[in-house]
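Okay, structure first, notes after.
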């Protein structure tokens, strides 16, 4: 008679080849997928999804088995990150179509949706920076990708009616920030899989092709809105819209709800593929003491809630009434600093085994170059993500309307029949910036990251000043389309510079920091820089309201000059502390 009330014990299950379902545990099979036998607080034995030996710097190990595993994780990570970017930033495209369909919201209110998603996503990158050590790479990517289903499904449901109140869209934009946070954990995870000599290229591929989610979203959403592939009642365009292939006249049917639903087609399969195909690196310098999947998911959820809390408080202070307190424009700077500080502090206060792990990871804050690279990366990635979030709406507001004097007052609300379609052109900038990022990493591997960053900063200063000139001219013209071509070309160059700079700065980080610190630093700097997704749309909105949009670009150019000086002083000049890392 067996141990189980007269029933013979389960026979041992022997699986040859790769299996992610079963792990031998004390003679019986631990069905991890169901989670029934997860022993919280006990170390699990190695499964096929766990790697207890990992040394990519060992050439023999890398060529024999490491390379194959690393690239498999990279090719799953990339589309997961692509969808994360799409869900995070799709409000920049959705709001343009909401204007075209006559949703009853003002332009500044619609600008706040992209800003809400931007600030929340940036804040969630702070806890994401430390997920890999606490929860493991495979556990983190699978769970955070699954969470994206919530805002995508919600957006599809809410967009089916013009009567949906603004606060619902603001909550959905808030939840879309999950996608923004995923970048930090994704980059941290991939950095551990590849040797230092390949950091520029591997991180460039993950980030660059992941960033392509912005472009993918800007191409896919306008196209899927033209067909009722998910059913539902279409809405009728009140203004001219467009897609990649041309304009769509007013009076056409549009299924705007597809902008949310379409991402479910990718997210659900990616969760399944990630579950079966990705790995946790269970070595001392990566993820040594993680529990089972559901235990890790619980830790991730708790840390995300901290980020949501601090982001919500910050947004309440910044956003205008009736949603928030409507603090003056200058208040956003100390509020963002307070959000960052509060998030870091509260994460450290979480009880249990998270606290000692974070204390070890927090050693990055004692490294001066953590802060220097945070500022420099804000120049490149902060600009890329901020311009990506606000580019389409800026084209619509500046070039989609005529700017004429009426009774001695400049007005900006007369539709411009000759204006360019924002949905036709906006995707090109993020596409170039994302596509060229791996090239920036590859160039930096060859000539040094700091040198590439220096040239990038010079180009960005020049382009920002040029864009400001044509932006000012367009916003004072009855025919703003006359200035669109030089404005657009300069912006494309600006996007290209940010992409190359994104690759070069991450290569510098990988060279300056040791292998244990590099991952968290990559995540942290990306968190700080991601506030560009909030700041740039917010500043654009403020300056458009003040009828001086060019002032935003003047301010950005000044910041780029500060970054130019920092990069030269610490990494290229005669008193440099690292030689062109």
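Residue numbers (our numbering): 4 to 584. Virtual Cβ for every residue (Gly too), placed ideally from N, Cα, C.
Inter-residue Cα distance where the pair is residue i and residue j
{"i": "residue 247", "j": "residue 219", "result": "11 Å"}
{"i": "residue 6", "j": "residue 297", "result": "Legend: pLDDT at residue 6 = 38, less than 50; position of this residue unreliable, no value from coordinates given."}
{"i": "residue 575", "j": "residue 256", "result": "56 Å"}
{"i": "residue 318", "j": "residue 310", "result": "12 Å"}
{"i": "residue 124", "j": "residue 410", "result": "44 Å"}
{"i": "residue 423", "j": "residue 403", "result": "7 Å"}
{"i": "residue 160", "j": "residue 260", "result": "7 Å"}
{"i": "residue 388", "j": "residue 537", "result": "9 Å"}
{"i": "residue 518", "j": "residue 155", "result": "35 Å"}
{"i": "residue 373", "j": "residue 521", "result": "10 Å"}
{"i": "residue 566", "j": "residue 379", "result": "5 Å"}
{"i": "residue 470", "j": "residue 421", "result": "20 Å"}
{"i": "residue 204", "j": "residue 81", "result": "13 Å"}
{"i": "residue 506", "j": "residue 249", "result": "33 Å"}
{"i": "residue 102", "j": "residue 393", "result": "14 Å"}
{"i": "residue 24", "j": "residue 52", "result": "Per-residue confidence for residue 24 stands at a pLDDT of 31, beneath the threshold of 50, marking its modelled position as unreliable; no derived number is given."}
{"i": "residue 533", "j": "residue 361", "result": "21 Å"}
{"i": "residue 382", "j": "residue 563", "result": "6 Å"}
{"i": "residue 589", "j": "residue 172", "result": "Lying before the first or after the last residue shown, residue 589 is absent from the chain, which here runs from 4 to 584."}
With 16 other Cβ atoms within 10 Å as the buried cut-off, status of residue i
{"i": "residue 113", "result": "buried"}
{"i": "residue 100", "result": "buried"}
{"i": "residue 524", "result": "buried"}
{"i": "residue 96", "result": "buried"}
{"i": "residue 170", "result": "exposed"}
{"i": "residue 540", "result": "buried"}
{"i": "residue 271", "result": "exposed"}
{"i": "residue 369", "result": "exposed"}
{"i": "residue 164", "result": "exposed"}
{"i": "residue 107", "result": "exposed"}
{"i": "residue 302", "result": "buried"}
Helix, strand or coil at residue i according to DSSP, with G and I counted as helix
{"i": "residue 342", "result": "helix"}
{"i": "residue 416", "result": "strand"}
{"i": "residue 238", "result": "strand"}
{"i": "residue 164", "result": "coil"}
{"i": "residue 132", "result": "coil"}
{"i": "residue 362", "result": "helix"}
{"i": "residue 170", "result": "helix"}
{"i": "residue 283", "result": "strand"}
{"i": "residue 401", "result": "helix"}
{"i": "residue 372", "result": "helix"}
{"i": "residue 409", "result": "strand"}
{"i": "residue 105", "result": "coil"}
{"i": "residue 56", "result": "coil"}
Own chain, CB closer than 6 Å to residue i, minus 5 neighbours either side, in chain order
{"i": "residue 328", "result": "320"}
{"i": "residue 462", "result": "500"}
{"i": "residue 308", "result": "none"}
{"i": "residue 10", "result": "With a pLDDT of only 39 at residue 10, under 50, the local geometry of the prediction cannot be trusted, and the value read off the model is given with reservation. Cβ neighbours of residue 10 beyond the five flanking positions: none."}
{"i": "residue 177", "result": "119 and 123"}
Nearest-angstrom beta carbon gap, residue j and residue i [assumed within contact, 8 Å]
{"i": "residue 151", "j": "residue 182", "result": "6 Å"}
{"i": "residue 466", "j": "residue 497", "result": "4 Å"}
{"i": "residue 241", "j": "residue 104", "result": "6 Å"}
{"i": "residue 147", "j": "residue 188", "result": "7 Å"}
{"i": "residue 616", "j": "residue 129", "result": "With the chain covering only 4 through 584, there is no way to say anything about residue 616."}
{"i": "residue 85", "j": "residue 212", "result": "7 Å"}
Residues near residue i by beta carbon distance below 7 Å, same chain, minus five either side
{"i": "residue 439", "result": "499, 502 and 503"}
{"i": "residue 546", "result": "552, 554 and 555"}
{"i": "residue 90", "result": "151, 154, 155, 179, 182 and 266"}
{"i": "residue 367", "result": "373, 520, 523, 524 and 527"}
{"i": "residue 332", "result": "545"}
{"i": "residue 235", "result": "163, 258 and 260"}
{"i": "residue 508", "result": "376, 379, 380, 383, 452 and 456"}
Same chain only: Cβ atoms within 8 Å of residue i, ignoring 5 sequence neighbours per side
{"i": "residue 578", "result": "572"}
{"i": "residue 38", "result": "Per-residue confidence for residue 38 stands at a pLDDT of 39, beneath the threshold of 50, marking its modelled position as unreliable; the derived number appears in the next sentence. Only 295, 296 and 297 meet the Cβ criterion."}
{"i": "residue 513", "result": "194, 199, 202, 203, 206, 521 and 525"}
{"i": "residue 290", "result": "135, 136, 137, 138, 139, 140, 283 and 284"}
Closer than 8 Å: residue i CB and nearest the ligand SAM heavy atom
{"i": "residue 137", "result": "The ligand SAM is not part of the structure shown, which contains no ligands of any sort."}
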